[in-house]
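Written out below as structure tokens is the structure these notes cover.
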Amino acid sequence: MLNKSYDIINNPKQMVPSLMETGARSYIVNFLQDYIAIGTLILIEERGIVFTFEGSKRKSPLKVYLKVHNPQFYWKIITQAELGFADAYIKGDVSFTDKNEGLLNMLMSNELFSLFMDDTMQYSCAIFKSKDDDLKTAQLRKISSLIEKARVNENHEVLDIGCGWGRFGIELVKQTGCKYTGITLSKEQIKYAESKVKEAGLQFFRCCESALKDDGIFVLQVCQFHYMLPYQKQQNTT
């Protein structure tokens with residue numbers, strides 16, 4: 001047209017959910033309307049339907065665009081929760097329009113986690129001895145208990161895969177004097193851990209892939225409670 005060229009954009013594939021998938025989608029939509037508290041989640045379906053979920057704190061800059069390519073996504077979330085989401089993502093049923101600004105970044109935000117965690121920023125279960133214990137006291141008790149059970153001493157080298165915000169490592173080094181290496185995929189967690197290490201008067205060394213050698217012994221595992229439920233179900237069926 002008048003010496004101008006245009007790229008042809010194909011119509012998106014029409015996504016036609018089954019009755020079961022429609023019911024699952026309805027449930028997920030209702031759930032997200034009540035669940036999203038911070039930022040905005042925008043759900044875009046292949047056939048052009050857009051759902052927008054805004055948290056009560058609308059001034060938050062967090063915004064996620066999630067594109068649904070297959071209605072099976074909703075059914076997987078209903079039946080398998082976070083494992084279903086992971087499966088849907090791996091199989092291409094859902095994708096992020098911008099991974100750097102997307103849900104992964106939101107989930108790893110220190111601001112988000114600090115809303116429901118105490119100063120220790122511990123995500124695994126705490127140990128309460130009485131109903132009067134606050135969360136921080138219970139978390140520090142959990143950390144000390146783990147250190148005692150693992151029998152770590154100053155001659156040991158500890159590799160912590162998934163070290164989170166670093167409080168376990170800080171307490172471990174302070175209590176035992178061991179050499180500690182923590183690994184995390186989150187830039188936010190690293191930033192936070194570096195500042196806390198400085199506050200504790202310890203020295204921080206950046207590590208590399210060479211720490212992940214197969215000649216060590218893994219003796220201690222700390223899991224979040226909700227991750228154990230699918231594992232227990234799997235164990236019961238085998």
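Mapping the sequence shown onto our numbering, position 227 (from 1) lands on 227, and the numbers just tick up by one.
Cβ atoms here follow ideal geometry from the backbone N, Cα and C, with glycine treated the same way.
The model shown is predicted, which means the values in this text are computed figures rather than measured ones.
Three-state secondary structure assigned by DSSP to residue i
i    : result
I28  : helix
K179 : strand
D118 : coil
L172 : helix
L41  : strand
S195 : helix
D132 : coil
T184 : coil
E46  : coil
E21  : helix
Assigned exposure category for residue i - 16 Cβ within 10 Å defines buried
i    : result
A81  : exposed
E209 : Note that E209 scores a pLDDT of 44, beneath 50, so its modelled location is shaky; the value from the coordinates is reported in the next line. Burial call: exposed.
E243 : No statement about residue 243 is possible, as the shown extent of the chain runs from 1 to 238 and does not include it.
R25  : buried
L43  : buried
Contact under 8 Å by Cβ, residue i with residue j
i    : j    : result
A138 : I127 : yes
K196 : I170 : yes
V68  : V50  : no
G55  : T40  : yes
L62  : I38  : yes
G167 : Q122 : Here the sequence assigns Arg to residue 167, which means Gly is not the residue at that position. Taking 8 Å as the Cβ cut-off, R167 and Q122 qualify as a contacting pair.
W165 : A193 : yes
D118 : K131 : no
Y74  : I143 : no
Start and end residues, beta strand (DSSP E) containing residue i
i    : result
V64  : K63 to V68
S124 : Run containing S124: none; DSSP gives neither H nor E here.
L262 : Lying before the first or after the last residue shown, residue 262 is absent from the chain, which here runs from 1 to 238.
Start and end residues, alpha helix (DSSP H) containing residue i
i    : result
S144 : L135 to A150
S95  : Per DSSP, S95 belongs to no alpha helix (DSSP H); it is in the beta strand (DSSP E), V94 to F96.
E82  : Q72 to I90
E111 : N110 to F113
Expected contact under 8 Å - CB spacing of residue i and residue j to nearest Å
i    : j    : result
L66  : F53  : No, L66 and F53 are not in contact; Cβ-Cβ is about 10 Å, not under 8 Å.
C163 : T184 : 5 Å
G84  : I77  : 5 Å
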